[in-house]
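Trainee: The following block contains the structure, expressed as structure tokens.
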Amino acid sequence: MWQYIARRLLQTIPTIIGVSIVITLVFRLAPGDFLTSNMKITDERKAELRELYGLNKPIPQYYLNWVKNIAHGDLGDSMKFKSPVTTVIKTYMWNSFYLALVALIFSYLIALLVGVLSATKQYSWFDSIVTVLVLAAMSLPSFFIGLLMIKWFSIDLKWLPVGGMTTTGSNFTGIKHLLDVGKHMILPATVLTMLSVGSLTRYFRTSMIEVVRQDYVRTARAKGLKERVVIFKHALRNALLPVITLLGLELPGLFAGAIILEKIFAWPGIGRINLDAIGVRDYPLLMGFTMFLAILTIIGNLLADVFYAAADPRIRLD
Amino acid sequence: MKKLFSSVLGVVMVSTLLLSGCGKSNDASSASPSASTAPSASTAPSASAAPSASAAPEGIVNQGVIEASDPSKNPATATDRKDTLIIGVDAPDGVFNPIYMESAYDQYVTYAMFNDLIQVAKDGTYAPWLATKWDVSDDKLTYTFHLDPNATFSDGTPLTADDVAFTQTVLHDKSYDGPIDVAPAFLKGGDAYREGKATSIEGIKVIDAHTIQFTTTQISPRALPLLGGSVLSKAYYGKGYKQGSLGYMKELNQKPLGNGPYALTKYTAGQEVDLKINDHYYAKKPSIPNLIYKVTSEDTRMQMLQTGEVDMDMVTVNKDNVDELKGYGFLNIDIFPTNGYGYIAFNHKHDQFKDPKVRQALAYGLNRKDIVDAVYQGYADVINVPQSKVSWAYADAPNKYEFDLEKAKTLLDEAGWKVGADGIREKDGKKFKINFVASSPNPVNDAIIPIAKENYKALGIDFVPDQMEFNKVLEKKKSGDFDMLFMAWGLVADPDATDIFATKGSQNDVGYSNPKVDELLAKGLTELDPEKRKPVYADLYKELNADLPYIFMYQRRDMWAINSRIQGFDLSPYKDFYLDLTNISIK
Numbered sequence: 080m081w082q083y084i085a086r087r088l089l090q091t092i093p094t095i096i097g098v099s100i101v102i103t104l105v106f107r108l109a110p111g112d113f114l115t116s117n118m119k120i121t122d123e124r125k126a127e128l129r130e131l132y133g134l135n136k137p138i139p140q141y142y143l144n145w146v147k148n149i150a151h152g153d154l155g156d157s158m159k160f161k162s163p164v165t166t167v168i169k170t171y172m173w174n175s176f177y178l179a180l181v182a183l184i185f186s187y188l189i190a191l192l193v194g195v196l197s198a199t200k201q202y203s204w205f206d207s208i209v210t211v212l213v214l215a216a217m218s219l220p221s222f223f224i225g226l227l228m229i230k231w232f233s234i235d236l237k238w239l240p241v242g243g244m245t246t247t248g249s250n251f252t253g254i255k256h257l258l259d260v261g262k263h264m265i266l267p268a269t270v271l272t273m274l275s276v277g278s279l280t281r282y283f284r285t286s287m288i289e290v291v292r293q294d295y296v297r298t299a300r301a302k303g304l305k306e307r308v309v310i311f312k313h314a315l316r317n318a319l320l321p322v323i324t325l326l327g328l329e330l331p332g333l334f335a336g337a338i339i340l341e342k343i344f345a346w347p348g349i350g351r352i353n354l355d356a357i358g359v360r361d362y363p364l365l366m367g368f369t370m371f372l373a374i375l376t377i378i379g380n381l382l383a384d385v386f387y388a389a390a391d392p393r394i395r396l397d
Numbered sequence: 219m220k221k222l223f224s225s226v227l228g229v230v231m232v233s234t235l236l237l238s239g240c241g242k243s244n245d246a247s248s249a250s251p252s253a254s255t256a257p258s259a260s261t262a263p264s265a266s267a268a269p270s271a272s273a274a275p276e277g278i279v280n281q282g283v284i285e286a287s288d289p290s291k292n293p294a295t296a297t298d299r300k301d302t303l304i305i306g307v308d309a310p311d312g313v314f315n316p317i318y319m320e321s322a323y324d325q326y327v328t329y330a331m332f333n334d335l336i337q338v339a340k341d342g343t344y345a346p347w348l349a350t351k352w353d354v355s356d357d358k359l360t361y362t363f364h365l366d367p368n369a370t371f372s373d374g375t376p377l378t379a380d381d382v383a384f385t386q387t388v389l390h391d392k393s394y395d396g397p398i399d400v401a402p403a404f405l406k407g408g409d410a411y412r413e414g415k416a417t418s419i420e421g422i423k424v425i426d427a428h429t430i431q432f433t434t435t436q437i438s439p440r441a442l443p444l445l446g447g448s449v450l451s452k453a454y455y456g457k458g459y460k461q462g463s464l465g466y467m468k469e470l471n472q473k474p475l476g477n478g479p480y481a482l483t484k485y486t487a488g489q490e491v492d493l494k495i496n497d498h499y500y501a502k503k504p505s506i507p508n509l510i511y512k513v514t515s516e517d518t519r520m521q522m523l524q525t526g527e528v529d530m531d532m533v534t535v536n537k538d539n540v541d542e543l544k545g546y547g548f549l550n551i552d553i554f555p556t557n558g559y560g561y562i563a564f565n566h567k568h569d570q571f572k573d574p575k576v577r578q579a580l581a582y583g584l585n586r587k588d589i590v591d592a593v594y595q596g597y598a599d600v601i602n603v604p605q606s607k608v609s610w611a612y613a614d615a616p617n618k619y620e621f622d623l624e625k626a627k628t629l630l631d632e633a634g635w636k637v638g639a640d641g642i643r644e645k646d647g648k649k650f651k652i653n654f655v656a657s658s659p660n661p662v663n664d665a666i667i668p669i670a671k672e673n674y675k676a677l678g679i680d681f682v683p684d685q686m687e688f689n690k691v692l693e694k695k696k697s698g699d700f701d702m703l704f705m706a707w708g709l710v711a712d713p714d715a716t717d718i719f720a721t722k723g724s725q726n727d728v729g730y731s732n733p734k735v736d737e738l739l740a741k742g743l744t745e746l747d748p749e750k751r752k753p754v755y756a757d758l759y760k761e762l763n764a765d766l767p768y769i770f771m772y773q774r775r776d777m778w779a780i781n782s783r784i785q786g787f788d789l790s791p792y793k794d795f796y797l798d799l800t801n802i803s804i805k
């Protein structure tokens with residue numbers, strides 16, 4: 080096992096190098112840089128600033144410089160925020176993470192419950208209604224549900240805040256702060272959950288239906304076990320195996336931020352920061368953050384494989 | 219491994235898609251004021267063209283204040299807030315330093331904490347701020363500022379001429395990478411300091427604690443706003459300053475030490491900025507103890523105003539929004555002309571646009587009013603000179619270029635472009651084809667393209683639009699790979715337009731060249747007195763109006779929606795709301 084992990088880690092090195100080259104090329108070959116759209120300063124001043132920012136260097140040199148700094152743990156300074164990229168990412172990333180985590184937990188819980196129930200009652204009324212509902216939730220555009228919910232729950236009913244993460248001007252600490260954030264999180268987390276719960280439900284349902292048809296489930300039933308035990312103890316545990324892979328792939332998503340929802344709900348997350356950085360061509364921030372997500376993707380994949388092997392004795396990592 | 223690589227690549231691909239899809243849309247209709255860290259205007263106050271309420275064709279008020287119809291509808295959320303003003307803004311970047319900030323929202327926050335030496339008044343002229351007065355020598359090269367002797371920083375230490383000298387020195391440092399370009403101030407010895415040939419700037423002379431003198435090498439109307447800019451505390455920001463190394467100062471961006479009416483208490487990135495009265499403020503203190511900038515989103519700005527969660531916010535000006543805001547009843551709506559204009563540029567390096575008659579024909583032959591009304595629904599005017607109607611330098615010009623296809627055809631005939639067999643005009647065997655490079659998404663381009671295609675087809679011109687991301691358009695503009703394109707300029711208070719229209723202007727990448735324009739632009743810079751400069755600019759606008767470097771398109775509007783419980787704002791395109799923070803009160 081450890082040998083396998085070591086080998087996989089070694090294998091990621093060329094992947095990371097490849098990705099870093101692709102990232103540099105993709106961003107640096109796009110037209111314009113941080114100064115292009117600045118109409119307020121002269122070309123001479125732009126040239127001076129390009130020199131200070133290192134933007135006048137040829138791409139290979141820029142790339143090597145960037146890699147060299149990363150090796151020293153320095154992702155450079157964001158041009159827009161005028162502070163280190165790591166600080167900017169840290170400032171906004173956790174806000175996105177909390178929101179994504181809450182939505183993830185709820186969507187898995189709901190999807191699991193609904194998926195299992197509709198699998199055991201395949202083609203029943205319940206199954207059909209659930210199928211229609213989850214597909215409907217999945218198909219509505221997020222900005223539409225988001226704005227609709229704001230209208231209903233914030234404007235008409237005045238139950239929940241319109242946007243933001245904390246009450247304006249508040250100075251809550253401890254549990255009060257958590258409750259305040261929680262209140263602001265209800266709407267965006269609900270919309271995020273609605274969007275992802277649909278496909279997950281279908282996934283769990285299919286996985287469960289497959290398992291229920293297996294011989295060992297029939298054996299369990301033949302032994303005279305209660306249906307509840309058969310489903311939740313014997314069948315469910317096997318049906319859950321694919322979840323490990325799914326969760327591993329969710330890892331970068333937890334930190335990437337939800338661009339559209341963060342915008343609508345004025346949630347101070349990294350998604351909006353990333354979008355703004357693209358608009359103004361803040362290369363250090365863009366490249367640093369994309370690299371970070373790429374590495375998370377690699378880690379997520381590795382973790383998924385390792386945990387899958389640990390959970391399923393049929394899989395051997397050699 | 220392959221799967222892994224492809225999913226990693228997926229991450230990159232998503233960013234790439236965003237890169238191509240979501241550029242910064244230029245100007246257009248979004249309410250995105252741009253930071254003008256170096257406002258320029260004239261030296262002495264002059265008779266100003268005060269904005270007068272003008273009515274648009276449909277009878278809508280597109281300039282001035284629309285008073286709240288029923289302040290009693292004010293929600294309790296707002297009226298219960300007795301000691302706090304909440305201003306809705308887009309997220310600031312957290313750069314609260316007047317010499318480093320770039321976004322307009324950082325500027326809003328920073329200018330609640332920092333005063334400049336001088337300020338831009340409502341009519342675009344200059345007024346005292348930290349400096350009680352200033353003198354300009356007879357040769358117009360030496361500026362002397364007299365500081366308010368009571369001025370202090372928010373830690374109670376006095377603000378002196380040394381601090382002013384320090385700030386100007388930093389701006390000339392080689393390692394200064396902020397957005398202010400000090401070159402047009404022509405401060406004596408500035409270049410030598412930047413190049414490291416001198417250890418101080420020759421042109422800065424501290425006369426006494428409250429008097430400072432700057433010597434410049436060239437007459438420039440842009441020197442005053444640059445020299446009369448912000449003041450940083452030398453004791454605080456200059457700790458550890460060595461010539462050529464300013465990197466340390468960025469660490470103080472979120473720990474500002476200002477000299478303005480408010481001081482920072484808390485900054486929560488992406489959420490809000492909290493300020494309270496600066497106890498050490500030297501002048502009249504604000505009457506509202508707390509000021510909060512709350513981050514709002516484009517989608518829910520009006521809802522936040524409606525529920526009373528914010529007191530004021532800038533909302534995109536169009537008929538729907540104005541009607542909606544009016545409907546709330548408790549908001550005062552302040553609409554004023556944006557200090558800037560939209561235009562369609564010609565590529566003057568291409569032969570077909572060298573004849574002024576062709577340019578005039580393309581202006582006559584384009585239904586500009588339809589385009590502008592389609593986008594702004596009455597909240598923009600079609601313009602014929604490149605200057606704001608509220609500027610002291612504004613002068614009307616004779617040619618109105620009202621939509622007239624027949625006149626356009628005549629002009630094209632006169633210019634030698636004859637209709638060919640296929641209905642397309644040609645000259646010397648070359649077909650008249652216009653490659654129109656357009657940024658997308660952009661509502662103005664969305665309106666120009668169908669109308670121009672139809673109008674120019676009627677003239678016998680093949681109009682071919684090519685839509686792309688904004689940065690790509692800028693690149694094409696720079697390299698000259700276009701025939702025509704739409705863009706917008708933001709203006710400052712000073713009317714100088716050398717950068718844009720002079721043959722060697724730094725922003726003149728469309729290749730416009732007209733000796734008479736060059737001469738007038740140069741003449742406009744030799745005087746500092748607005749009264750003497752006015753006729754020069756009148757001549758300039760007349761010449762530009764006849765010669766048409768661009769098809770001038772429109773001047774749009776900006777709008778602040780302000781809760782009627784807040785009284786005392788007096789805004790103009792030149793005067794931002796933060797200049798009124800000490801004048802306003804809660805009713």
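From first to last, the protein sequence lines are chains A and B. Those letters in the first sequence? Residues 80 to 397, per the numbering used here, in order. Those letters in the second sequence? Residues 219 to 805, per the numbering used here, in order. Glycine is no exception: its CB is placed at the ideal position from the N, C-alpha and C atoms. Bear in mind that the values here come from a model prediction, so they are computed numbers and not experimental data.
#1: Could you give the first and the last residue of the continuous beta strand (DSSP E) run that contains W707(B)?
#2: If the cut-off is 9 Å on Cβ atoms, which residues from the segment 311-334 of chain A count as contacting chain B, listed in chain order?
#3: Give a yes or no on whether 8 Å exceeds the smallest Cβ distance from V513(B) to chain A.
#4: If you scan the segment 579-647 of chain B from start to end, which runs of the alpha helix (DSSP H) of 4 or more residues do you find wholly inside it?
#5: Does the Cβ-Cβ distance between F271(A) and A182(A) come in under 8 Å?
#6: Counting pairs of Cβ atoms below 8 Å between the segment 302-320 of chain B and the segment 142-151 of chain A, do you hit three or more?
#7: Taking 8 Å as the CB-CB cut-off, is E306(A) touching chain B?
#8: Can you pull the DSSP bridge partners for I495(B)?
#9: By the three-class DSSP mapping on this structure, what secondary structure does E490(B) have?
#10: Scan the segment 407-456 of chain B and note each continuous beta strand (DSSP E) run of 3 residues or more that stays entirely inside, going in chain order.
#11: Determine the burial state of K484(B): buried for a count of at least 16 other Cβ atoms within 10 Å of its Cβ, exposed for fewer.
#12: Check whether chain B comes within 8 Å of M244(A), counting only Cβ atoms and requiring the distance to be less than that.
#13: At a Cβ threshold of 8 Å, is F719(B) touching chain A?
#14: For K625(B), which residues in chain A fall below 9 Å Cβ to Cβ?
#15: Look at the alpha carbon of K627(B) and the alpha carbon of A670(B), and state the distance between them as a whole number of angstroms.
#16: Among residues of its own chain, excluding the 5 on either side of Q595(B), which ones have a beta-carbon nearer than 7 Å to its beta-carbon?
#17: Tell whether a beta-carbon distance below 8 Å holds between L364(A) and S157(A).
#18: Taking a cut of 8 Å between CB atoms, which residues from the segment 491-504 of chain B lie near chain A?
#19: Name, in chain order, the residues that DSSP records as bridge partners for V682(B).
#20: Quick check: V608(B) and A598(B), are their CB atoms within less than 8 Å of each other?
#21: Mind pulling the beta strand (DSSP E) runs of 3 or more residues that sit fully within the segment 237-297 of chain A?
#22: Using the beta-carbon count (16 or more within 10 Å), is Y582(B) buried or exposed?
#23: Does the count of Cβ pairs from the segment 485-495 of chain B and the segment 339-354 of chain B closer than 8 Å reach three?
#24: Please tell me whether M771(B) has its Cβ less than 8 Å away from any Cβ of chain A.
#25: What is the rounded straight-line gap between the Cα of L389(B) and the Cα of P310(B)?
#26: Report the neighbours of I510(B) on chain A: residues whose CB is nearer than 8 Å to its CB, in chain order.
#27: When DSSP labels each residue in this structure, what does A299(A) get in the three-state scheme?
#28: Residues of the segment 680-699 of chain B with a CB closer than 9 Å to any CB of chain A: list them in chain order, please.
#29: Please report the straight-line C-alpha distance between G225(A) and A453(B), rounded to a whole angstrom.
#30: Using three-state DSSP, classify N315(B) as helix, strand or coil.
#31: Interface residues of chain A around Y318(B) at Cβ under 9 Å?
#32: Taking P347(A) as the query, report the chain B residues whose CB atoms sit under 8 Å from its CB, ordered along the chain.
#33: Alpha carbons only, please: which of I288(A), T269(A) and T324(A) is nearest the one belonging to E341(A)?
#34: If you draw a straight line from the C-alpha of K544(B) to the C-alpha of V211(A), how long is it?
#35: Who are the near neighbours of V296(A) in its chain, counting only those whose CB is closer than 8 Å to its CB and skipping five residues on each side?
#36: For I510(B), which beta-bridge partners are listed by DSSP?
Mentor: Reading it off the structure:
#1: M702 to G708
#2: L328 and P331
#3: yes
#4: 586-594 and 623-632
#5: In the sequence under discussion, the amino acid at residue 271(A) is Leu, which differs from the Phe named in the question. Cβ distance < 8 Å, so L271(A) and A182(A) count as in contact.
#6: no
#7: no
#8: Y480(B)
#9: strand
#10: 422-426 and 429-433
#11: exposed
#12: yes
#13: no
#14: Neighbours of K625(B) on chain A: none; closest Cβ ~33 Å, over 9 Å.
#15: 15 Å
#16: N536 and K537
#17: yes
#18: D492
#19: N653(B)
#20: no
#21: none
#22: buried
#23: no
#24: no
#25: 23 Å
#26: T247 and G248
#27: helix
#28: M686, E687, F688, N689, K690, V691, L692, E693, K694 and K696
#29: 49 Å
#30: coil
#31: K161
#32: A309, T486, A487, G488, Q489 and V513
#33: T269(A)
#34: 41 Å
#35: V290, V309, H313 and A314
#36: I304(B) and D492(B)
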